[in-house]
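In the numbering used here, the protein residues as written are 28 to 758. Heads up, the thing below is written out as structure tokens.
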């Protein structure tokens with residue numbers, strides 16, 4: 028029995044019934060199946076009890092044929108879920124199978140007896156089938172003679188039926204001719220009536236077309252008049268749009284002039300900033316020259332004792348002056364920053380105020396233009412709606428006139444034309460009056476816009492003059508404060524130099540630590556590379572073994588396919604003969620009228636004999652398939668034994684340069700051997716820890732042997748010529 032599965036089945040509702048199948052070559056048809064109630068829980072013992080308790084399975088008879096009792100026989104169970112097959116060897120396997128149904132709702136459990144005497148049973152059934160196929164002597168010949176007599180009688184009855192059918196066909200043909208003549212006469216009369224009706228309808232349609240053409244001519248006149256009115260409206264609308272476009276271009280030009288003035292002011296501001304930066308750079312260069320000169324003087328001066336007191340006094344005075352200059356410089360810088368910030372805020376506020384005022388004026392102008400444009404669009408839309416409404420009324424009137432086909436069409440068209448002309452005259456007068464108002468309003472807005480832009484230009488000139496004066500004052504203050512800043516540069520340079528030296532010392536210490544960590548990482552990488560190489564060798568070995576097993580399986584499958592093909596050819600030949608016989612019997616049955624019962628009985632007899640032959644062939648095929656399965660299992664066992672016999676019975680691992688590797692490998696690093704196989708035990712390897720691992724005592728080396736579970740190995744460890752003898756680990 029295989030090991031017990033540790034996986035717990037998922038919780039799900041179990042079916043109430045299941046199918047139990049007993050499969051055996053000795054059973055007619057190959058298997059016996061029954062639907063049974065599913066006991067909870069279902070175990071191996073309960074399945075065996077069901078097999079013994081149900082007489083339909085013939086379990087006792089099958090056991091007697093095998094030469095065993097029902098208590099000693101070992102039944103092989105297999106779960107069937109669609110195409111999925113699961114071997115059932117324990118009670119837990121049955122529970123897992125029932126809880127994991129994927130395809131079918133009703134589980135199927137197949138029971139098979141061991142094939143101990145399969146070869147003898149197969150040969151016996153084969154001999155029976157051969158004998159049954161050869162015993163076709165006198166009895167089938169007598170039956171065939173009886174069938175030939177029955178066939179002669181059926182032939183005469185068939186001739187009588189054929190004569191009656193010919194007479195019936197002649198009567199049907201005569202009736203069809205009479206019916207065709209009657210239908211032809213009725214069709215001609217109906218065609219004449221339809222032709223008359225079509226002619227009358229065509230005359231009416233022609234009259235209606237003439238009336239429609241007259242109405243269309245009147246509509247063309249109305250359409251031409253409306254097109255002329257639409258052209259005049261489009262012309263006026265185009266003129267108004269041209270005037271608005273010209274006004275928008277003038278406004279855009281004035282805005283472009285204002286933007287150009289602002290760009291010039293920004294360029295002037297950038298130029299002043301550039302001059303300030305150049306002056307600052309010049310001052311810095313002069314300060315560097317002075318510092319170089321001071322450095323040269325400090326290096327060239329000679330230390331004299333008589334000037335010591337004066338030098339000390341001078342140093343104290345210089346220190347006091349420098350501190351005073353620092354304080355004054357800080358105050359000046361703070362004052363300068365405050366003034367510069369105030370000036371920036373004032374300038375920003377003025378610019379924002381001017382921009383907001385200009386934006387408000389622009390918004391007012393845009394709103395005025397939009398209101399005028401929307402009002403014009405509304406008037407034009409209203410005119411279009413009125414025109415469309417009148418056109419709609421005209422169409423409705425024309426449609427009513429067409430439907431009524433009365434003589435009042437001319438009068439209504441004349442009235443409609445008068446009304447349309449009168450309405451168009453009113454529209455022309457209204458459009459001219461509104462066009463004059465629009466031109467007047469546009470001229471007023473143009474004058475106001477020109478006055479607004481002129482005042483904006485004057486105000487921008489005044490702002491430019493103020494900004495130039497302020498920037499000149501700022502340039503003067505900057506030049507004065509730059510001179511005060513020079514004295515602080517020397518102390519700042521010394522402070523930076525000191526910080527640089529401290530940072531360099533710290534970086535040297537960090538680099539030393541980094542080099543140490545790099546050495547450790549390099550050692551770990553070398554160890555990983557050795558492990559990776561060993562893993563690659565083991566993978567190549569496994570692939571070679573898998574290739575050998577695959578080739579053996581391919582050879583087995585080819586042999587099984589050849590045997591199956593041979594069996595299928597034999598079945599096909601039998602099927603051809605069976606089809607010929609069945610065709611003969613079917614032809615006899617088709618022509619039988621008087622002795623149909625006797626023919627059916629003979630056919631049933633032959634069907635029974637053919638069924639017996641097919642059952643024999645099926646049994647032979649199943650027995651042959653079982654033989655091939657057992658042969659494949661024996662071959663697999665022999666191949667596995669051959670591979671195990673070729674594997675070595677002894678493994679020896681020699682560690683070269685052990686002292687040097689002991690110094691190189693630190694705790695808990697280890698040295699791993701290559702994987703090996705020994706007498707059926709695959710994928711084994713050893714690990715040697717020179718300094719021990721994290722769980723071993725201090726100062727002791729560790730040697731580990733890794734083999735698959737349940738492996739029994741005898742080992743012996745040598746250190747030079749010393750050994751403590753062979754040992755066997757006990758699980």
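Each residue gets a CB set at the ideal place from its N, CA and C atoms; glycine is no exception.
message: Could you give the first and the last residue of the continuous alpha helix (DSSP H) run that contains residue 703?
response: First-last for residue 703: 703 to 705, but that is the beta strand (DSSP E), not the alpha helix (DSSP H).
field: Rounded Cβ spacing between residue 650 and residue 52 (contact assumed at less than 8 Å)
entry: Sure, about 5 Å apart at Cβ, within 8 Å.
Residues sharing a beta bridge with residue 115, DSSP: Residue pairing by DSSP places residue 115 opposite 104 in a beta bridge.
Element boundaries [beta strand (DSSP E), containing residue 45]: It spans 44 to 50 - the beta strand (DSSP E) in which residue 45 sits, taken as one unbroken run.
- request: Measure the alpha-carbon distance for residue 94 versus residue 87 and round it to whole angstroms.
  value: If you take the alpha carbons of residue 94 and residue 87, they lie about 11 Å apart.
Residue 192 versus residue 174: straight-line alpha-carbon distance, rounded: Within the model, the alpha-carbon separation for residue 192 versus residue 174 is close to 26 Å.
query: Tell me, which residues are paired with residue 139 by DSSP?
result: Paired residues: 50 and 103.
7 Å Cβ cutoff met for residue 695 and residue 720: Yes, they are a contact pair.
Buried versus exposed call for residue 89 [16 or more other C-beta atoms within 10 Å across all chains shown]: Taking every protein chain shown into account, the CB of residue 89 has 16 or more other CB atoms within 10 angstroms, so this residue is buried.
message: One question on the structure: do residue 655 and residue 680 come within less than 7 Å of each other, judged by their Cβ atoms?
response: Cβ distance not < 7 Å, so residue 655 and residue 680 don't count as in contact.
Bounding residues of the alpha helix (DSSP H) (the contiguous stretch that carries residue 93): Counted as a single uninterrupted DSSP element, the alpha helix (DSSP H) harbouring residue 93 occupies residues 86 to 93.
message: Measuring only the C-alpha atoms, how far is residue 27 from residue 377?
response: Outside the shown range of the chain (28 to 758) lies residue 27, about which nothing can therefore be said.
query: Can you tell me whether DSSP reads residue 760 as helix, strand or coil?
result: In this structure the chain extends from 28 to 758, so residue 760 is not present and cannot be described.
task: Return the CA-CA distance between residue 118 and residue 46, expressed in angstroms with no decimal places.
output: Answer to the nearest angstrom: the Cα atoms are 17 Å apart.
message: Taking its Cβ as the centre, do 16 or more other Cβ atoms sit within 10 Å of residue 716, making it buried, or is it exposed?
response: By the neighbour-count rule (16 or more Cβ atoms within 10 Å), residue 716 is buried.
message: Among 368, 399 and 209, whose alpha-carbon lies nearest the alpha-carbon of residue 268?
response: For the set 368, 399 and 209, the Cα lying nearest the Cα of residue 268 is the one of 399.
Strand pairing of residue 490, partner residues [DSSP]: None; residue 490 has no bridge partner.
query: Which whole-angstrom value describes the C-beta separation of residue 106 and residue 134, a residue pair presumed to lie in contact below a C-beta threshold of 8 Å?
result: Contact between residue 106 and residue 134 holds: their C-beta atoms lie close to 7 Å from each other, under 8 Å.
query: So what does DSSP say about residue 749, is it helix, strand or coil?
result: If DSSP states are grouped into helix, strand and coil, residue 749 belongs with the strands.
- prompt: Is it right to say residue 647 is buried, meaning 16 or more other beta carbons lie within 10 angstroms of its own, or is it exposed?
  reply: Residue burial is scored here from C-beta neighbours: residue 647 has at least 16 other C-beta atoms within 10 angstroms and is therefore classed as buried.
- prompt: Exposed or buried, which one is residue 161 when buried takes at least 16 other CB atoms within 10 Å?
  reply: Any reading at residue 161 is ruled out, since the residue's pLDDT is 41, under 50, leaving its predicted position unreliable.
- request: Determine contact between the stretch 685 to 702 and the stretch 662 to 669, defined as no fewer than three beta-carbon pairs at a distance below 8 Å.
  value: No, they do not touch.
query: So who's on the other strand from residue 257, going by DSSP bridges?
result: Looking at the DSSP assignment, residue 257 forms no beta bridge with any residue, so it has no partner.
query: Based on the DSSP secondary-structure assignment, which residues constitute the bridge partners of residue 62?
result: Looking at the DSSP assignment, residue 62 forms a beta bridge with 46.
field: Distance between residue 498 and residue 505 (C-alpha atoms, nearest Å)
entry: Going from the Cα of residue 505 to the Cα of residue 498 covers about 10 Å.
- prompt: Going by DSSP, which residues form a beta bridge with residue 498?
  reply: Checking the DSSP bridge columns, you'll see residue 498 has no partner listed.
query: Do three or more CB pairs link the stretch 698 to 706 to the stretch 557 to 573 at distances below 8 Å?
result: Because the criterion of three Cβ pairs below 8 Å is met, the stretch 698 to 706 and the stretch 557 to 573 touch.
query: residue 183 to residue 631, Cα distance in whole Å?
result: Using only the alpha carbons, I get a separation of about 24 Å.
message: Using the Cβ count rule (16 or more neighbours within 10 Å means buried), how would you classify residue 74?
response: Here residue 74 is buried, its C-beta having at least 16 other C-beta atoms within 10 Å.
- prompt: Is the closest heavy atom of the ligand HEM to the C-beta of residue 291 under 6 Å?
  reply: Among the components of this structure there are no ligands whatsoever, and the ligand HEM is therefore not found.
- prompt: What do you reckon, are the CB atoms on residue 128 and residue 121 nearer than 7 Å?
  reply: Contact flag unset, no.
- prompt: With DSSP run on the structure shown, which of helix, strand or coil describes residue 195?
  reply: The answer is helix: DSSP assigns residue 195 an H, G or I state.
- request: Look at the alpha carbon of residue 752 and the alpha carbon of residue 677, and state the distance between them as a whole number of angstroms.
  value: Distance between the alpha carbons of residue 752 and residue 677 is about 16 Å.
query: Are there 16 or more other CB atoms within 10 angstroms of the CB of residue 138, so buried, or fewer, so exposed?
result: By the 10 Å Cβ count, residue 138 comes out buried.
message: For residue 785 and residue 76, which I take to be in contact (beta-carbon distance under 8 Å), what is that distance rounded to the nearest angstrom?
response: The requested residue 785 does not occur in the structure, where the chain is confined to residues 28 to 758.
field: Assigned secondary structure, residue 574 (DSSP; H/G/I helix, E/B strand, else coil)
entry: Reduced to three states, the DSSP call for residue 574 is helix.
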